[in-house]
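Notes to accompany the following structure.
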Amino acid sequence: MSGAGIPPRLKRWIFTWVPIAWIVLELATYPKDNSISVGFAEIVKGFFSSSVAGYPAYALLLLGVIVLAVGAVALVRPRKGRRLPAALLILGAEFFVWGLWAAGLPGSFSISGRPSSLAWLFQTVAIVLIGACVWVWAQTNPERAELMVWNTRQIWKLYRGNWQGMVGLWILVFFVLVALLAPFLAAHSYLNPTASVGPAFSGPSGAYYKWFGTSELGQSVLAEWIWSTRISLVVGLMATLISTVIGAAIGIAAGYYGRWTGETLMRLTDVFLVIPWLPLAMVLAAAWGTNYMIIMLIIAVTSWPGTSRVVRSQVLAVKELPFIERARAIGSSNLHIMRKHILPNVFAIIFANTILVVAIAILSETTLSFLGLGDPLRFSWGTMLHYVWASGGSNLPSTRLYVLAPGLAIVAVVLAFTFMGTAFDEVLDPKLRKREESTGGPRAADSGASTPLTGLETPPSASGSLPAHLDAMGTSETTEGGRS
Amino acid sequence: MSAVDTAPQAAQAAATQRIEHEGLLEVRDLRAYFKLREGDVKAIDGVSWSVAEGESLGLAGESGCGKTTAVLAVLKLLPENGRIVSGEVLFDGKNLVKRTEYGMSKIRWKEISIIFQGAMNALNPVQQVGRQVAEPIMLHEGVSEDKAMKRVRDLFELVGINPSRVSEFPHEMSGGMRQRSMIAMALACNPKLVIGDEPTTALDVMVQAQILELIERLRRELDLAFILISHDLSVMAETCDKGVIMYAGKVVEQGATEFIFANPLHPYTKQLIRAFPNIHESREMARSIAGNPPNLLNPPPGCRFVPRCDEAEPACFERDPDMVEIEPGHFVRCLKVS
């Protein structure tokens, strides 16, 4: 069976997404001062400059150790041959060497790393290796790869038919592009307090940097807005990631163990749920500092209870299903049951909830920044609103765009994530979907979702699962985590 | 299987620590209660039976009489509010009641496996069936997935499923096939004892017959000890060497199946047999047993079957009789008989 080869569609996906991932990572760490005016040759050079891929060395070393460990374990207990473990070991070694390189020679070892001119090369190799790992995995698990491709395509088909989801996605793509292309859209030097482009609070005018007018220091609002996009999105996404991991872990543990373990965890959750999050976040920000990484942590720490409640309720339903008892009868450990049987069955709800938490996280970041607890060294949309408010310019007619630009951007991004969350909820929950299809709306017809994916229908490729297993989950919570 | 080969020496060596026991699995005076807000439900109240190697035992009785609880207690898989109060479960001379959860996980499936009631739900809907069958193999024998899957293919062949279907999901299989794959899973680690908890409920009659035939064939081929839980007496009569009739958490009659069916002594057994249509004495409608089993929260003194018994005497209300051996290997719990 192992010689069946990898699904051609997955092959195409790897060839498409490896370069895209490379470009995204390169742009995220692209030199900030290489604006479009420096000339084409310089711009291309920027992709290989020393600021690209300058991640902290400890992160790289940690990643390397983790991947090496996974590879080593897989090598000791090979599941499907030794090719995937070997690929993982190579990848881990690459991260490890990269981390050591970034940290420097023993004499001048620095755990936070330093800019190096070869980092881009390490990054390129790493991304190619990740692609190779996926390739090898698909080669050794052709059935599962086929299934994954099939599932992804089905979800995408359904998602594409959902107008809310598509509107949300396009809004998000727009803002992600703005964030990634920030160096080309506005030179970072325009954020300098001394870099004024005109008198304070002047209205919008035709010149590019004055499109949105000027700030209280005469800076370009447009440049601030463009660079703010980055921080707002990064903080929102990273905070959500941390919050989801905490929330899901606590929710699964609380739901699965029940009794006093579960009670203790849920009371802890309740404590976090009933403490008004804003005062808590303000206290934490005052105590821990206002670096944007710390803001991220603060938001994560205050936003996980919603996720954990939603996940727990789903786990309570899943753990009563007979196959959990069967798994116990087989002799599986609790950890094994939670990982292999519970998590896959609650994953859809975690995912749908995550997207809604992003919206909340972005709003939280804005709120904190607006109150003056944002990172003073970086602009975010909330920070912009804070400055215009604090300087008393928010009522001037000439600053209308200064207020509106960040305000509307926040509304748009939050709306986009809410739309996407609702869409995923519908796509992943057959019950919501069924109702829709039975009303015979025009959408089902023109969306290309010609195979009705409801209930226990057998998928065309004789291997596919998604609709049925989600159907079997029984109760479906509406994903309404977080604060109201 | 290695335990069987080295049995003589091992048994000698371990004889000092081992508790005297007969057969492979012996349940002695087992009591398991469920805790409710109102008090303890005495779901199993002093049950004793044993299964020898290669023997098949049938557990029969109406719903709620404690059949399933009895075997779940053997494996210590009782729900959270259930607990074993007293008694012994001797498997191969080891007392399972005293084992820790970790110790039990080594026994479960490796030595004793279960075919669950309603196999359609005992499979994880998001995992391929083959991988689920492979799970106990990888878990207990630490072999690689490839090796385990190879064995799964053999097992599928053994239970009559096309091995190419290992990568299918539960919803792609029919009920009978899911039941077969559960049987394959039960056999995965070469257990000595397999428990079938109503393995044929929720299947249609044709498939039921196939599954029972399959179990019977496998039992003979692999020399398994087998416990069949069923409320279908005809199935029990056909497949089991020994029968245990349970009522309201107690064993009321026990013995070789021939004895039980040819010469039922307990009124409950008699009525239970009468409740099934008999093809030999035609034109007689099957008769149901009037009334309901007693509330096990606070069972009345005396015989538990007394309210529904048509042969009851005043003494039956006072005293709960003990099990009495009527003929060799045939035990009955009834004042009238003893």
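Respectively, the protein sequence lines represent chains A and B. Positions 304 to 787 (the numbering used here) are the ones given, in order, by the first sequence. Positions 17 to 354 (the numbering used here) are the ones given, in order, by the second sequence. The beta carbon of each residue, even a glycine, is placed where N, CA and C say it ideally should be.
If you count every other CB in all the chains shown that lies within 10 Å of the CB of residue i, and 16 or more means buried, which is it?
i	result
Met222 of chain B	exposed
Ser635 of chain A	buried
Met596 of chain A	exposed
Glu54 of chain B	exposed
Phe318 of chain A	exposed
Lys208 of chain B	buried
Gln369 of chain A	The question names Gln, but residue 369 of chain A is Ile in the sequence shown. Counting Cβ neighbours within 10 Å, Ile369 of chain A comes out exposed, since fewer than 16 surround it.
Asp336 of chain A	exposed
Thr567 of chain A	exposed
Arg167 of chain B	buried
Ala344 of chain A	exposed
Ala138 of chain B	buried
Phe132 of chain B	buried
Lys51 of chain B	exposed
Leu480 of chain A	exposed
Tyr511 of chain A	exposed
Leu773 of chain A	With a pLDDT of only 42 at Leu773 of chain A, under 50, the local geometry of the prediction cannot be trusted, and the value read off the model is given with reservation. Leu773 of chain A comes out buried.
Ser352 of chain A	buried
Val321 of chain A	buried
Gly554 of chain A	buried
Gly212 of chain B	buried
Ala278 of chain B	exposed
Leu711 of chain A	exposed
Gly308 of chain A	exposed
Phe720 of chain A	buried
Gly77 of chain B	buried
Leu525 of chain A	buried
Leu313 of chain B	exposed
Asn311 of chain B	exposed
Arg615 of chain A	buried
Glu42 of chain B	buried
Name the chain B residues whose beta carbon is nearer than 8 Å to that of residue i?
i	result
Ala632 of chain A	Leu91, Leu93, Arg124, Trp125, Ser129, Ile130, Phe132
Pro322 of chain A	Neighbours of Pro322 of chain A on chain B: none; closest Cβ ~32 Å, over 8 Å.
So which residues of chain B does residue i contact, with C-beta pairs closer than 7 Å?
i	result
Gly677 of chain A	Neighbours of Gly677 of chain A on chain B: none; closest Cβ ~42 Å, over 7 Å.
Arg380 of chain A	Ser160
Taking residue i as the query, report the chain A residues whose CB atoms sit under 8 Å from its CB, ordered along the chain.
i	result
Ala138 of chain B	Pro625, Phe626, Glu628, Arg629
Pro152 of chain B	Ile633, Gly634
Ser121 of chain B	Gly634, Ser635, Ser636
For a contact meaning CB atoms closer than 9 Å, what does residue i contact in chain B?
i	result
Ser616 of chain A	Result: empty, since nearest Cβ-Cβ is about 18 Å, beyond 9 Å.
Gly561 of chain A	Glu96
His644 of chain A	Asn140, Val142, Gln143
Going along chain A, which residues have a C-beta under 7 Å from residue i?
i	result
Leu155 of chain B	Ile633, Gly634, Ser635
Ser197 of chain B	The premise fails here: Ser197 of chain B is roughly 12 Å from chain A at the closest Cβ pair, so nothing lies under 7 Å.
Using 9 Å as the limit for Cβ to Cβ distance, is residue i near chain D?
i	result
Gly384 of chain A	Within the model displayed, chain D is absent; protein chains A and B are what it includes.
Only counting runs of 4 or more residues, tell me where the alpha helix (DSSP H) segments fall wholly within the region 484-553 of chain A, in order along the chain. List check, alpha helix (DSSP H) in window: 485-488.
The region 562-574 of chain A in contact with the region 646-661 of chain A per 3-pair CB rule at 8 Å: The region 562-574 of chain A is not in contact with the region 646-661 of chain A.
Segment contact, 8 Å Cβ cut-off, at least three pairs: the region 522-532 of chain A with the region 680-690 of chain A: Segment contact: the region 522-532 of chain A against the region 680-690 of chain A, three or more CB-CB distances shorter than 8 Å; contact assigned.
Any contact between the region 430-450 of chain A and the region 382-391 of chain A? By contact I mean 3 or more CB pairs, one from each, below 8 Å. They touch, by the three-pair rule.
Going along the chain, which unbroken runs of the beta strand (DSSP E) with 3 or more residues stay wholly within the region 201-281 of chain B? If we require 3 residues or more, the beta strand (DSSP E) runs fully inside the region 201-281 of chain B come out as 209-213, 241-245, 258-263, 266-272.
To be precise: take each residue of the region 429-455 of chain A, compare its Cβ to all Cβ atoms of chain B, and keep it if any distance is under 7 Å. Which residues remain? Look at the region 429-455 of chain A: the residues with a C-beta under 7 Å from a C-beta of chain B are Glu446.
For the region 545-555 of chain A and the region 599-607 of chain A, state whether three or more C-beta atom pairs, one from each stretch, are separated by less than 8 Å. Three or more Cβ pairs closer than 8 Å define a contact, and the region 545-555 of chain A meets that threshold against the region 599-607 of chain A.
Within the chosen definition, does the region 118-126 of chain B reach the region 195-211 of chain B through at least 3 CB pairs nearer than 8 Å? In short, these stretches touch, since the Cβ pair count reaches three.
Using 8 Å as the cut-off, can you tell me whether the region 633-652 of chain A makes contact with the region 154-165 of chain B, which would need three or more C-beta pairs spanning the two stretches below that distance? These segments touch.
Between the region 357-367 of chain A and the region 505-520 of chain A, can you find at least three pairs of beta-carbon atoms closer than 8 Å? No: the two stretches stay apart, fewer than three of their Cβ pairs being nearer than 8 Å.
Could I get the ranges of all uninterrupted beta strand (DSSP E) runs contained in the region 65-92 of chain B, with 3 residues as the minimum, in chain order? If we require 3 residues or more, the beta strand (DSSP E) runs fully inside the region 65-92 of chain B come out as 72-76.
Three or more C-beta pairs under 8 Å: does that hold for the region 337-349 of chain B against the region 268-284 of chain B? Output reads yes: the region 268-284 of chain B touches the region 337-349 of chain B.
Could you say if the region 178-186 of chain B and the region 142-149 of chain B meet the contact criterion of at least three C-beta pairs nearer than 8 Å? Yes, since at least three Cβ pairs between the region 178-186 of chain B and the region 142-149 of chain B fall closer than 8 Å, the two stretches touch.
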